[in-house]
Structures are given as structure tokens and as C-alpha cells.
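Each residue of the sequence shown is one higher than the one before, starting from 1 at the first, in this note's numbering.
Virtual Cβ for every residue (Gly too), placed ideally from N, Cα, C.
Just so it is clear, the structure is predicted and the values come from calculations on it, not from any experiment.
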Amino acid sequence: MTPDPAVPDEKGAVVLFDGVCNLCNGSVQFIVRHDPAGRFRFASLQSEAGQALLRRHGLDPTDLFSVILVEGGRAYARSDAALRIARGLTGPWRAAGALRAVPRPLRDAAYGWVARNRYRWFGKQEACMIPTPELRARFLG
Numbered sequence: 001m002t003p004d005p006a007v008p009d010e011k012g013a014v015v016l017f018d019g020v021c022n023l024c025n026g027s028v029q030f031i032v033r034h035d036p037a038g039r040f041r042f043a044s045l046q047s048e049a050g051q052a053l054l055r056r057h058g059l060d061p062t063d064l065f066s067v068i069l070v071e072g073g074r075a076y077a078r079s080d081a082a083l084r085i086a087r088g089l090t091g092p093w094r095a096a097g098a099l100r101a102v103p104r105p106l107r108d109a110a111y112g113w114v115a116r117n118r119y120r121w122f123g124k125q126e127a128c129m130i131p132t133p134e135l136r137a138r139f140l141g
């Protein structure tokens with residue numbers, strides 16, 4: 001099977017995020033600050049690369065209510081994605097992985113509440129963020 005050139009390479013871990021959400025953009029900046037090794041790469045859910053990864057993993061490309069972590073050939077959503085990302089960061093954020101002991105329905109309910117209110121609480125931009133030249137290499141097309 002020939003790889004689809006529209007689907008980006010999934011080596012490493014790719015964080016898909018809502019590119020117009022201020023909370024999501026702030027989260028990307030947070031991840032960058034606490035990921036000095038550059039383990040995580042990024043793509044907005046709205047981008048061609050993000051849409052291709054969503055389709056590859058059988059996820060709805062119109063559902064912009066979840067952060068998605070693509071890692072090891074699998075896609076993780078909502079609280080599973082957030083906790084897996086936290087576990088990959090430096091410092092005390094790694095300890096957040098212990099919250100996986102909380103049943104997923106409870107974690108995802110809390111996640112969903114924030115996701116549904118994120119624009120009202122944190123605002124949104126008219127267009128997806130443009131990474132700085134230093135970060136450009138960590139963003140997929």
C-alpha cells in the first residue's frame with residue numbers, strides 16, 4: 001500500500017488542536033515550554049494535515065471539540081489525550097497522568113464542560129495561529 005502524500009508522517013507524537021481557540025493555542029504554548037526535547041509536534045484540527053490525520057484514524061473532521069493526540073499509530077481524544085500529553089512533559093505536569101485512575105466518563109464529562117465553554121471563557125481568533133519561525137518546524141502543514 002502506497003502512503004497517501006496528503007497524510008503527514010506520524011513519527012513521534014502529534015497534537016491536534018482547535019487553531020482558533022485561545023485556550024487551545026495557550027495549551028500549545030504551554031506544551032512547547034514544557035517539552036524541551038521537542039517530542040510533540042502540532043497541527044490545527046482545521047489544517048489540511050489535521051484533517052488528513054483525523055480521517056486516517058476514523059475521526060469526524062468536523063468535530064473540533066477535542067484535543068487529539070496521535071501517537072504510536074493510535075489516536076487519543078479528550079481527557080485521554082490531555083493526560084497522555086501531560087505525562088510526556090517535564091516537571092510536575094507528568095504527575096497529572098495519575099488522573100487516569102479517575103473513570104473516563106467522569107474525566108470526559110469535565111473535559112466536555114470546558115470544551116463547550118472555551119470560546120465564551122477564553123475567546124477565539126478569526127484565523128488559526130501562525131507559529132513563530134522557531135516553532136515552525138514542529139508544526140505540520
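Reference residue i; option with closest CA among the options
| i | options | result |
| --- | --- | --- |
| Cys24 | Leu53, Ala137, Tyr111 | Tyr111 |
| Glu48 | Arg33, Leu16, Gly73 | Leu16 |
| Gly12 | Gly38, Cys21, Ala115, Arg33 | Gly38 |
| His34 | Trp121, Arg136, Trp93, Ala98 | Trp93 |
| Leu89 | Val14, Gly19, Val32, Tyr76 | Val32 |
| Ser22 | Arg78, Thr132, Glu126, Arg138 | It is Asn, not Ser, that sits at residue 22 in the sequence shown. Comparing Cα-Cα distances from Asn22 to each of Arg78, Thr132, Glu126, Arg138, the minimum goes to Glu126. |
| Glu134 | Phe65, Ser27, Pro36, Trp113 | Pro36 |
| Arg56 | Gly73, Arg87, Ser79, Arg138 | Gly73 |
| Val20 | Gly58, Phe30, Arg84, Leu64 | Leu64 |
| Glu27 | Ala75, Phe122, Ala137, Arg136 | The residue you asked about is not Glu; residue 27 is Ser in the sequence shown. For Ser27, the nearest C-alpha among the options comes from Phe122. |
For residue i, the first and last residue of its enclosing alpha helix (DSSP H)
| i | result |
| --- | --- |
| Ser27 | 22-33 |
| Ala109 | 104-122 |
Residues that residue i bridges to, as DSSP identifies them
| i | result |
| --- | --- |
| Ser44 | Phe17 |
| Phe139 | Phe42 |
Inside the segment 65-97 only - beta strand (DSSP E) runs reaching at least 3 residues: Restricted to the segment 65-97, the beta strand (DSSP E) segments that are unbroken, complete and at least 3 residues in length are 68-71, 74-77, listed in chain order.
Three CB pairs or more closer than 8 Å across the segment 49-66 and the segment 90-107: Taking 8 Å as the limit for Cβ pairs, the verdict is that the segment 90-107 does not touch the segment 49-66.
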